[in-house]
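Residue 61 in UniProt numbering sits at position 61 of the sequence shown, and the numbers go up by one each step.
Heads up, the thing below is written out as structure tokens.
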Amino acid sequence: MDKVNVLGVNFDKKTFNQFQNEFIGRMNNHESTFVVTANPEIVMAANENPEFMKVLQEDTDYITADGIGIVKAAKILGEPLPERVTGYDLFLWLMKVANERGLRVFLIGAKPEVIHAVQEKIARNYSNINLVGAEDGYFTEDLDLVARRIERTQPDLVFAALGFPKQEYLLSILRKNATPALMMGVGGSFDVFSG
Ligand code: UDP
1 MDKVNVLGVN FDKKTFNQFQ NEFIGRMNNH ESTFVVTANP EIVMAANENP EFMKVLQEDT
61 DYITADGIGI VKAAKILGEP LPERVTGYDL FLWLMKVANE RGLRVFLIGA KPEVIHAVQE
121 KIARNYSNIN LVGAEDGYFT EDLDLVARRI ERTQPDLVFA ALGFPKQEYL LSILRKNATP
181 ALMMGVGGSF DVFSG
């Protein structure tokens, strides 16, 4: 088995390096790819929210163990996961790849001043990224409308920092539409990145 089921959530038994190789392959093929980096809070929330659990079970392509609690739980279940793979580490690596390759990146989430600081940091340190969208996460429109706006920019990478489950709900719309991007919910990563 290449997955480990922890309270209904199927985690991929992959190292950081293995995820990197898979993601590069899928990005090269422009495959629609939805990644969730799930911590124990996400697993608990999904167990209390059937709609969120359905998204995790049916719409995602990869789920990483974003927290040592998940790695420990898998070990207790007798199906160890190789290591913890955090959303922030994947985000930083994907931003580096995006800069090296001049990829089209759409960012959505965090407070207006935070996303502004993120934009400035990208202009300074990741100037080869083609930033096709940078919006704060306090919109009032339907997620469907937001998803359509994201799709129109033809991004290669979409990062949503809206907190769970909202970020996963938004990205699941894109994934169901087979939007040819790699998309990932990144929680509070923009706040950290901008600081
Ligand atoms: N956030 C947002 N829109 C919302 C709610 C939250 O953009 O409607 C942002 C918030 O500003 C923060 C990020 O989502 O940057 C993650 O929030 P939180 O720390 O609550 O989530 P977690 O990291 O626990 O998933």
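From the three backbone atoms N, C-alpha and C, an ideal C-beta is built for every residue, glycine too.
Here the structure is a predicted model, which is why all the values come from computation and not from measurement.
Looking at the secondary structure, which residues open and close the beta strand (DSSP E) in which residue i lies?
i      : result
Arg84  : Note, Arg84: premise wrong, no beta strand (DSSP E); not H, not E.
Glu135 : Asn130 to Glu135
Asn49  : Neither: Asn49 is in no beta strand (DSSP E) and is coded neither H nor E.
Gly25  : Unbroken run through Gly25 is the alpha helix (DSSP H), Phe16 to Asn28; no beta strand (DSSP E).
Asn125 : Unbroken run through Asn125 is the alpha helix (DSSP H), Pro112 to Asn125; no beta strand (DSSP E).
Leu145 : First-last for Leu145: Leu143 to Arg152, but that is the alpha helix (DSSP H), not the beta strand (DSSP E).
Leu107 : Arg104 to Gly109
Phe34  : Thr33 to Ala38
Where does residue i land, buried or exposed, given buried means 16+ other C-beta within 10 angstroms?
i      : result
Gln154 : exposed
Ser172 : buried
Leu56  : buried
Leu107 : buried
Asn39  : buried
Tyr138 : exposed
Leu131 : buried
Asp156 : buried
Lys75  : exposed
Leu174 : buried
Ser127 : exposed
Lys54  : exposed
Leu94  : buried
Lys14  : buried
Where does residue i sit, in a helix, a strand or coil, going by DSSP?
i      : result
Val186 : coil
Lys75  : helix
Asn5   : strand
Tyr62  : strand
Tyr169 : helix
Gly67  : coil
Phe193 : helix
Phe139 : coil
Phe91  : helix
What are the start and end residues of the alpha helix (DSSP H) that includes residue i?
i      : result
Ala160 : Note, Ala160: premise wrong, no alpha helix (DSSP H); beta strand (DSSP E) at Leu157 to Ala161.
Asn177 : Where Asn177 is concerned, there is no enclosing alpha helix (DSSP H), given that its DSSP letter is neither H nor E.
Asn10  : Taken as a continuous stretch (DSSP letters only), Asn10 belongs to no alpha helix (DSSP H), being part of the beta strand (DSSP E) at Val9 to Asp12.
Check each residue's C-beta against every heavy atom of the ligand UDP and list, in chain order, those closer than 7 Å. The set, ordered by position in the chain, is Glu41, Gly109, Ala110, Lys111, Val114, Asp136, Gly137, Tyr138, Ala161, Leu162, Gly163, Phe164, Lys166, Gly187, Gly188, Phe190 and Asp191.
Flag this pair as touching only if the region 37-52 and the region 160-175 have three or more C-beta atom pairs under 8 Å; answer yes or no. With a cut-off of 8 Å, the region 160-175 and the region 37-52 count as touching, because enough Cβ pairs lie within range.
At least three beta-carbon pairs within less than 8 Å, the region 71-85 to the region 101-121: Verdict: no, contact absent.
Using 8 Å as the threshold, is the region 113-128 in touch with the region 69-76, meaning 3 or more CB pairs across them? These segments do not touch.
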